[in-house]
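Counting from 0, one number per residue, gives the positions in the sequence shown under numbering that gives the first Met the number 0. The beta-carbon is built from N, C-alpha and C at its ideal position, and this holds for glycine as well. From a predicted model like this one, the values you see are computed outputs, not experimental measurements. As structure tokens, the structure follows; a few thoughts come after it.
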Amino acid sequence: MGTPFLSAVIIAFNEERNISRCLDSLLDIADEVVVVDSGSTDATEALCRDRGVRFIHHSFEGHIQQKNWASEQAEGDWILSLDADEALSEPLRQSLKDWKNQPIQDANAYEFNRLTQYCGEWVRHSGWYPDRKFRLWKGGTAHWAGVNPHDRLEVAQPEITGHLKGDILHYSYYTLADHVNQIAYFSDIAALAYQGASWAYWPPMAGLKSAFQWFKTAIIKGGWRDGETGWVIARMSARATWMKYRKIRKIRRGSKRLSYREMNRILICRTDAIGDLILTLPLAGWIKATAPQMKVSVLVRSYAEAIAIACTDVDEVLIWDPQNDEVEWGQFDAAILAFPDDAVARKLQKSGVPIRVGTGRRWPTALRLTHRVWQSRKKSGQHETWHGLNLLHVLHLLPGWSKPGLVVPQDPVNWVPWLQLQPVAWKSQSINIAGADDWLEPGKKYVILHPGSRGSANNWSLANYQLAMDQWMNRGIRVVLTGTEDEGESFKSLRSVPGVIDTIGRLSLGELLSLIQACDGLVASSTGPLHMAAAVGVPCVGLFGHAAPMWPERWHPIGTNARWLVAEKVDEQNGLQIAPEKAIECLEEIWENPSP
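Right under this line is the structure:
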């Protein structure tokens with residue numbers, strides 16, 4: 000019998016950290032390497048093609064399904080399967096070379112030991128070693144089975160199998176955070192695949208199972224012999240068990256509340272300020288990006304309607320008016336109470352909306368919810384948008400969405416595509432405003448100053464706004480003042496400056512949004528116009544104090560051309576101690592290097 004033709008098969012997704020090591024270990028072993036990728040956005044594909052592998056794109060349908068499909072693409076009469084975070088040890092490479100040179104193969108499948116590295120330490124106990132795995136088989140004699148995400152190779156004739164010396168080296172977790180993230184992902188998959196009895200996920204039983212998992216890993220399987228690493232693994236194993244059963248409980252409970260139908264209509268409720276609404280709109284974008292078939296409605300106060308209408312990911316805008324309620328509440332499958340408005344929560348409960356999500360830290364609103372999230376917005380240090388996305392994330396495993404592995408991105412850069420506002424063009428708006436045709440002239444640069452905050456945020460003094468206005472006008476840049484009619488008297492000194500374009504009290508919210516998009520920059524404290532400018536991509540500079548709760552950690556604008564300055568001192572009379580020159584320099588830096 001001749002030398003067998005060996006195909007190595009690997010499934011991958013965003014594996015630039017691991018894939019090179021895996022492929023390099025196959026040199027001089029595999030006659031063909033097939034990588035089946037499920038949509039990597041990093042350097043995985045480039046690294047594979049540099050090494051001459053056969054690279055195939057295929058949508059991910061589950062670990063078992065993906066591995067079976069990948070095996071079917073192999074051309075060899077023997078198949079070797081590796082995960083992207085695995086590699087062949089040198090002794091195993093030698094065993095495979097010896098096996099290929101044998102004139103007779105005495106088995107249809109071979110298993111190997113697998114040795115796992117955890118945060119830089121090789122684990123030889125804790126039930127993790129020798130961890131024997133069938134990974135080499137003759138084509139047509141085995142297939143992948145099991146329950147996702149825990150796949151196993153099922154061999155047709157287990158009585159004629161063999162074992163090769165050497166280890167598969169498994170580089171599983173570089174950091175503890177890697178393990179936490181994988182537990183979150185695998186517990187999602189396991190919870191969706193669960194078909195067992197309901198008693199198994201009752202909290203007392205789940206607690207017992209978790210405790211036994213710790214005992215089994217730490218004591219029975221000798222985790223203590225791995226030192227501190229073994230104790231960490233035991234604790235994380237218990238955590239994985241608890242999360243799995245907790246998610247099963249949530250899926251079953253949510254499905255029951257939905258009467259076992261799929262979600263298709265979600266209501267996002269944000270009934271406070273304009274800026275708060277803008278920072279909540281990425282929830283609509285996230286839904287549309289991951290479940291485009293879902294219909295998204297937004298409940299707002301009438302004064303914020305124009306912003307919600309401009310959001311490209313919102314299908315329907317509803318107005319909250321407690322005195323004249325015309326909302327058909329019963330049409331929704333789920334509602335996100337992004338702002339804890341007790342009157343809205345009562346309506347949702349009374350109307351029988353099946354899933355009602357909100358913070359558990361506001362009573363009595365929390366009593367009217369079906370799903371509660373417990374993070375403190377004031378003390379967490381997280382952004383307002385993150386908190387909203389975290390509420391929405393509660394739904395990601397329910398029917399109609401069912402997105403295992405979906406996580407709330409921490410980096411605000413990832414939120415930007417989910418916040419898209421499309422205002423009416425200023426040219427179309429200006430014809431309805433007396434004198435507005437002359438406000439903006441082609442070829443000139445315009446900066447908006449919005450000096451008001453209505454007490455919702457720390458702010459500059461009027462003297463600082465005056466200094467900024469004078470410096471821009473001295474440079475030939477036109478200054479536009481915006482604000483509400485009620486604020487007009489307070490800004491009288493700014494409005495009287497010759498050459499300033501005074502729009503205070505003259506614009507509706509939709510008209511203001513159009514004007515902001517038509518201008519070249521904006522400077523304001525943490526107010527609605529600042530967030531409007533960021534959302535339409537206009538260069539803007541926000542002015543913030545350094546202390547919670549009005550700090551940028553929670554309220555900074557979201558946009559590729561948005562920046563913010565933080566004052567170390569907030570004077571009661573003179574406001575934020577930020578030099579106007581700093582805001583001017585910051586805006587000019589954005590003009591010189593704008594983001595698309």
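Cβ pair residue i, residue j closer than 9 Å
i	j	result
Ile167	Arg123	no
Leu46	Leu25	no
Leu405	Trp425	no
Leu529	Ala566	no
Gly126	Lys220	yes
Ala83	Glu14	yes
Trp328	Val297	no
Pro411	His386	no
Val537	Asp519	yes
Trp241	Ser209	yes
Phe543	Ser524	yes
Val356	Ala342	no
Ile265	Phe331	yes
Where residue i sits in the DSSP three-state scheme
i	result
Asn592	coil
Glu510	helix
Glu153	strand
Ala7	strand
Gln419	coil
Trp563	strand
Ala334	strand
Trp400	coil
Gln292	coil
Gln116	strand
Ala141	strand
Arg477	strand
Leu586	helix
Asp49	helix
Arg300	coil
Ile28	coil
Ala233	helix
Trp550	coil
Ser171	strand
Leu521	strand
Thr2	coil
Leu347	helix
Outcome for residue i when other beta-carbon atoms lying within 10 angstroms are tallied against a minimum of 16
i	result
Leu497	A small correction: the amino acid at residue 497 is Pro; Leu does not occupy that position in the sequence shown. Flag for Pro497 reads exposed.
Arg269	buried
Gly454	exposed
Glu71	exposed
Tyr128	buried
Gly195	exposed
Thr78	The amino acid at residue 78 is misidentified as Thr; the sequence shows Ile. Its Cβ being crowded by 16 or more others within 10 Å, Ile78 is buried.
Asn592	exposed
Phe490	buried
Gln409	exposed
Asn473	exposed
Glu510	buried
Leu366	exposed
Tyr464	buried
Trp373	exposed
Ala176	exposed
Arg131	exposed
Lys421	The sequence given here has Gln at residue 421, not Lys. Exposed.
Arg639	There is simply no residue 639 to check, as the chain begins at 0 and stops at 595 in what is shown.
Leu152	buried
Pro102	Because the pLDDT of Pro102 is 49, which lies under 50, any placement of that residue in the model is unreliable, and the number read from its coordinates should be weighed accordingly. Counting Cβ neighbours within 10 Å, Pro102 comes out exposed, since fewer than 16 surround it.
Phe211	exposed
Cβ-heavy atom distance, residue i to the ligand SAH, below 8 Å
i	result
Arg367	Summarising the ligand content, the structure contains no ligands, and the ligand SAH is consequently not present.
Supposed close pair residue i, residue j - CB separation, criterion 8 Å
i	j	result
Ile515	Leu508	Actually they are not in contact, since the Cβ atoms of Ile515 and Leu508 sit about 11 Å apart, beyond 8 Å.
Gln65	Ile10	5 Å
Ile557	Trp414	5 Å
Trp319	Val299	7 Å
Phe59	Phe12	7 Å
Asn107	Trp136	6 Å
Ala29	Ala7	4 Å
Thr364	Ala344	5 Å
Gly527	Gly206	47 Å between Cβ atoms; not a contact.
Trp563	Val540	7 Å
Checklist entry - Quick one: any contact between the region 437-455 and the region 477-490, if contact means 3 or more CB pairs under 8 Å? => result Touching, yes.
Item to check | Given 8 Å, three or more beta-carbon pairs between the region 86-96 and the region 145-165 | outcome: yes
Checklist entry - Counting pairs of beta carbons, one from the region 227-236 and one from the region 303-315, are three or more of them closer than 8 Å? => result no
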